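Working notes for the structure below.
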Amino acid sequence: MLNHRQAYKNMAAKNIHNEGIINALIFIFAVIVLVLKTSGVLTVPGIIAGLLAIYFCLTGRYFYAALIGVSTSTGSFIAQYITVYCSGCTLAAAIFGVAGLVSLMLSGTDKPVYSLSVIAVMVIGVMFMINNLPQYHQTPVIAQPVAIERQTTKAENQKIKKPILYITPDCKSCKEVVKQFIAADPKGDNWQPVVIPAILLARGESLLRSDGYKGEVLSAPESPTGFVPLLQIGEKIYRGKEINISKIGKGAGQ
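No gaps in the numbering here: position 93 of the sequence shown is 73 in the numbering used here, and each next residue is one more.
Okay, here's the thing in structure tokens:
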């Protein structure tokens, strides 16, 4: 009788071990994507969350892994919706979400409220992701688009001597800043708008033109910090509420 019980325990432990390894591999893949992509503010917290989820998978605590996976995924989608779309972040977040749902299935929790809550959070995250996906069907309206490097160095600053304002069409907080700058200097004599990512250049220029901008429009893969709106003046970086028209000098609007 004891032998049968021991054999059953060994088999159960083996199953947990095998399931945990498979599930942990999904989280490992998500962590690898975060490590390989351009570093951002949420990269390190995402890696830490992934490592914790891997630990819970290997120890058979799948529900905790599910919570981490789904909350990390949804949090990333919401953060991107508020700031700017990032393809690498979206891929990592999607993998976290899949790993979280797999963990939820393996958890076998007898409390459906918990499971439904986790699924509801994931659904919210997916909705934010869908609404934040960039549109790639715009017809380019610039005859000779110009792209600059992702991170601006001193040598590159000499090429673009004006303050650089990084924006994206999908950024809601960019609109007010852009209107303020265009109202003060519609020709862009004292500032340079840069649309990110480069694939949204046509759409970004269209929005700038509709607001009355008459100067040159450039593009870049992303801003130096990965977030928008962002104003770069030489080596100085201004974000969010720090950005205002007074930063670009007295020549604006003249």
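Backbone N, C-alpha and C define an ideal beta-carbon position, used for all residues, glycine too. Note that this is a predicted model, so its numbers are computed, not measured.
When the Cα atoms are used, what is the spatial distance from Gly206 to Ser87?
The residue given as residue 206 occupies position 226 in the sequence shown. The residue given as residue 87 occupies position 107 in the sequence shown. When rounded, the distance between both Cα atoms is 36 Å.
I need the straight-line Cα distance from Asp165 to Pro149, nearest angstrom please.
Within the sequence shown, residue 165 is the residue found at index 185, counting from 1. Within the sequence shown, residue 149 is the residue found at index 169, counting from 1. Rounded to whole angstroms, Asp165 to Pro149 spans 20 Å at the Cα level.
Going by the beta-carbon positions, is the gap between Ile225 and Leu211 smaller than 8 Å?
In the sequence shown, residue 225 corresponds to position 245, counting from 1. In the sequence shown, residue 211 corresponds to position 231, counting from 1. No, they are not a contact pair.
Can you grab the Cα-Cα spacing for the pair Leu22 / Gln60, in whole Å?
The residue you call residue 22 lines up with position 42 of the sequence shown. The residue you call residue 60 lines up with position 80 of the sequence shown. So the two alpha carbons sit approximately 10 Å from each other.
Please classify Met85: is it buried, with 16 or more other beta-carbons within 10 angstroms of its beta-carbon, or exposed?
For the purposes of this step, residue 85 is taken as the residue at position 105 of the sequence shown. By the neighbour-count rule (16 or more Cβ atoms within 10 Å), Met85 is not buried but exposed.
For Arg183, the three-state DSSP class (helix, strand or coil):
By 1-based counting over the sequence shown, the position of residue 183 is 203. Looking at Arg183 - three-state DSSP - the assignment turns out to be helix.
Go through its chain and collect everything with a Cβ distance to Lys159's Cβ below 7 Å, but skip five positions before and after it.
Here residue 159 refers to the residue found at position 179 when the sequence shown is read from its first residue. Asp191, listed in sequence order.
Count the other CB atoms, across all protein chains shown, that sit within 10 Å of the CB of Ala182; report buried if there are 16 or more and exposed otherwise.
Taking the sequence shown and counting its residues from 1, one reaches residue 182 at position 202. When all chains shown are included, Ala182 counts as buried.
Check for me: the beta strand (DSSP E) holding Val174 runs from which residue to which?
As a position in the sequence shown, residue 174 is number 194, starting the count at 1. Start and end: Gln172 to Val175.
Looking at the unbroken beta strand (DSSP E) that takes in Ile217, where does it start and where does it end?
Position 237 of the sequence shown, counted from the start, is the residue given in the question as residue 217. Lys216 to Arg219 is the span of the beta strand (DSSP E), which, as asked, contains Ile217.
Identity of the residue in Tyr35, Leu32 and Thr54 nearest Ala100 by Cα:
What you label residue 100 is simply residue 120 of the sequence shown in a count that begins at 1. Considering only alpha carbons, the answer is Thr54.
Can you have a look at Ala46 and say buried or exposed, based on whether 16 or more other CB atoms are within 10 angstroms of its CB?
Taking the sequence shown and counting its residues from 1, one reaches residue 46 at position 66. When all chains shown are included, Ala46 counts as buried.
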